[in-house]
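A.B. asks: My questions all concern the structure below.
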Amino acid sequence: MTLSLILQVALVVAGLAVAGFCHVLARRLRKLNDLETGLGGAIAVMAAEIARLEAALAAAQAGATTASDGLAREIEKAKSERAYWALQQQFLPQAAPARPLRRRRVKEAGHA
């Protein structure tokens, strides 16, 4: 056997090994990209969940903003009512506490 023949055989064996390795890699990549069971399916599910969570987050932010605005309005209203009450207490004479009004019974026609 000559050296060139040994090199040619080694080259053919190496080529077959590389071809086998590429075949195994291609099969694994196909399984990985399968949209139902592989990584592709997991990525698709995660993308859908991210979109759903983003929508829920946007709705929660809108609700929080609305609630915050309503609370700010109520606080301002309470502050103005408190200021009004303080002015009344300052400028109106202190009177005796008001007695509750007694309601007179009115007899309706037809009832005894």
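Just so we're aligned: the sequence shown equals residues 113 to 224 in our numbering. Beta carbons are placed, not taken as given, at the ideal position from N, Cα and C, and that holds for glycine.
#1: Can you tell me where the alpha helix (DSSP H) holding residue 146 begins and where it ends?
#2: Please check the pair residue 150 and residue 143, which I expect to be a contact at CB under 8 Å, by giving their CB distance rounded to whole angstroms.
#3: Checking 7 Å against the spacing of the C-beta atoms, do residue 145 and residue 153 come in under that value?
#4: If I follow the unbroken alpha helix (DSSP H) through residue 150, where does it start and stop?
C.D. replies: Put simply:
#1: By 1-based counting over the sequence shown, the position of residue 146 is 34. Neither: residue 146 is in no alpha helix (DSSP H) and is coded neither H nor E.
#2: Looking up residue 150 in the sequence shown gives position 38. Looking up residue 143 in the sequence shown gives position 31. Confirmed, Cβ separation roughly 5 Å.
#3: Position 33 of the sequence shown, counted from the first residue, corresponds to residue 145. Position 41 of the sequence shown, counted from the first residue, corresponds to residue 153. No; because the gap between Cβ atoms is not below 7 Å, this pair is not in contact.
#4: Locating residue 150 in the sequence shown gives position 38, counting from the first residue. Element bounds for residue 150: n/a, residue is neither H nor E.
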